[in-house]
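If you read the protein sequences in the order shown, they are chains A and B. My numbering applies: residue 285 is where the first sequence begins, and numbers increase by one. My numbering applies: residue 5 is where the second sequence begins, and numbers increase by one.
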Amino acid sequence: MSPDKNGSALHAFFTCMRCGISVSPNTPSGRIRNHCPNCLNSRHTTMREPHTTDGTCGARMQPISIAVLRSGDWTLIQRCTGCSELADDHIEPDDNQLLLIRLAIRPLAQPPFPLEHLGALWAAG
Amino acid sequence: MPRRNNQRPERRQPHGRAQRPKRMHGRNRDEYGESFRCLHCRLDVPVSAPGTAHRNHCPNCLSSKHVDRSSPGDRASTCHARMEPISIAVRGDGEWVIIHRCVGCGGLGSNRAAGDDNALALTRLAVTAIRHPGSPLRIQMTVPAE
Numbered sequence: 285m286s287p288d289k290n291g292s293a294l295h296a297f298f299t300c301m302r303c304g305i306s307v308s309p310n311t312p313s314g315r316i317r318n319h320c321p322n323c324l325n326s327r328h329t330t331m332r333e334p335h336t337t338d339g340t341c342g343a344r345m346q347p348i349s350i351a352v353l354r355s356g357d358w359t360l361i362q363r364c365t366g367c368s369e370l371a372d373d374h375i376e377p378d379d380n381q382l383l384l385i386r387l388a389i390r391p392l393a394q395p396p397f398p399l400e401h402l403g404a405l406w407a408a409g
Numbered sequence: 005m006p007r008r009n010n011q012r013p014e015r016r017q018p019h020g021r022a023q024r025p026k027r028m029h030g031r032n033r034d035e036y037g038e039s040f041r042c043l044h045c046r047l048d049v050p051v052s053a054p055g056t057a058h059r060n061h062c063p064n065c066l067s068s069k070h071v072d073r074s075s076p077g078d079r080a081s082t083c084h085a086r087m088e089p090i091s092i093a094v095r096g097d098g099e100w101v102i103i104h105r106c107v108g109c110g111g112l113g114s115n116r117a118a119g120d121d122n123a124l125a126l127t128r129l130a131v132t133a134i135r136h137p138g139s140p141l142r143i144q145m146t147v148p149a150e
């Protein structure tokens, strides 16, 4: 396979930018892997609003939250640490389950208002 | 029709420099002003919000409008479709950020939660991922019986 413009060959192992493990782009679901299954980080390759001539940013994208599609599947929301663009990515079956659940319950762990008063609010309105 | 009063003294800001005119929500001149109407629940919302300099989503249903393209406040987008809230992210300082997805072009955006946002809508958005455990998830999220 010929290497692409990021220097990594498709269908060969790539190295995670954050945790450094080598992972295969092949996934159990048959799709091409976009993020590291260990730390859920990825490299920003396709920009929606290109600021550079080749349309790539190349910085690391870190996971920030979990969104739910209409089909009920989870989606990973990532933010680029270089240009702060948002992107969504499908979740593979071999992704880190503990990190996914930690992302999903993170808003409830740090609420900006006391959650115990919501019952009274619900009863009032 | 009342004639415009040109003799009015020019208002000056306390720090000496007048603020530049900012284009508010709306496509034409008639829609600019101190309030905007939500595209989803049709609520008339004042622009000034506690906690933020400019309100960018409806405090009742948390919907927004796709007006910014790449950076917040640039008003460069030509989409102008409704953006629906899909999830809550947490910043490093514990602040909640609402992630929006445009129903017209599919673009993503993030807005800080304001002080007067609907607490029930925010909490419902925060527990959405736990209510719907996705298909790739192998861990059973059930509460153990006491």
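Cβ atoms here follow ideal geometry from the backbone N, Cα and C, with glycine treated the same way.
Item                                                                                                            : Value
Below-8 Å beta-carbon distance, B/THR132 vs any chain A residue                                                 : yes
Per DSSP, cross-strand counterpart(s) of B/LEU112                                                               : B/ARG105
A/ALA393 versus B/LEU124 - alpha carbon distance                                                                : 16 Å
Chain A contact residues for B/SER114, given Cβ-Cβ distances below 7 Å                                          : LEU370
Simplified DSSP state of A/LEU370, which is helix, strand or coil                                               : strand
A/LEU383 - containing beta strand (DSSP E), residue span                                                        : Looking at the DSSP string, A/LEU383 is not in any beta strand (DSSP E); the run it does join, the alpha helix (DSSP H), is 381-388.
Residue from A/MET301, A/SER306, A/HIS319 and A/ALA296 with nearest C-alpha to A/ASP379                         : A/HIS319
Straight-line gap, A/TRP406 to A/ARG363 (C-alpha atoms, nearest Å)                                              : 33 Å
Partners in chain A for B/GLY96, counting only beta-carbon separations shorter than 8 Å                         : Ordered by position in chain A, no residue passes the 8 Å Cβ test against B/GLY96, which lies about 10 Å from the chain.
At least 3 beta-carbon pairs within less than 8 Å: the stretch 59-67 of chain B vs the stretch 84-98 of chain B : yes
Buried versus exposed call for A/ALA371 [16 or more other C-beta atoms within 10 Å across all chains shown]     : buried
Chain A contact residues for B/ALA117, given Cβ-Cβ distances below 9 Å                                          : PRO396
Sequence-distant residues of its chain with Cβ nearer than 6 Å to A/LEU383 (five each side left out)            : LEU324
Proximity of A/ILE375 and A/LEU360 at Cβ, strictly below 8 Å                                                    : yes
Minimum Cβ-Cβ distance from B/ALA93 to chain A less than 8 Å                                                    : yes
Three-state class that DSSP yields for B/HIS61 in the structure shown                                           : strand
8 Å Cβ cutoff, B/THR127 in contact with chain A                                                                 : yes
Beta carbon proximity, B/GLY108 to chain A, threshold 8 Å                                                       : no
Range covered by the beta strand (DSSP E) that runs through A/LEU360                                            : 358-364
Among A/GLN346, A/PHE298 and A/ILE350, the one whose alpha carbon lies nearest that of B/THR132                 : A/ILE350
Outcome for A/HIS401 when other beta-carbon atoms lying within 10 angstroms are tallied against a minimum of 16 : exposed
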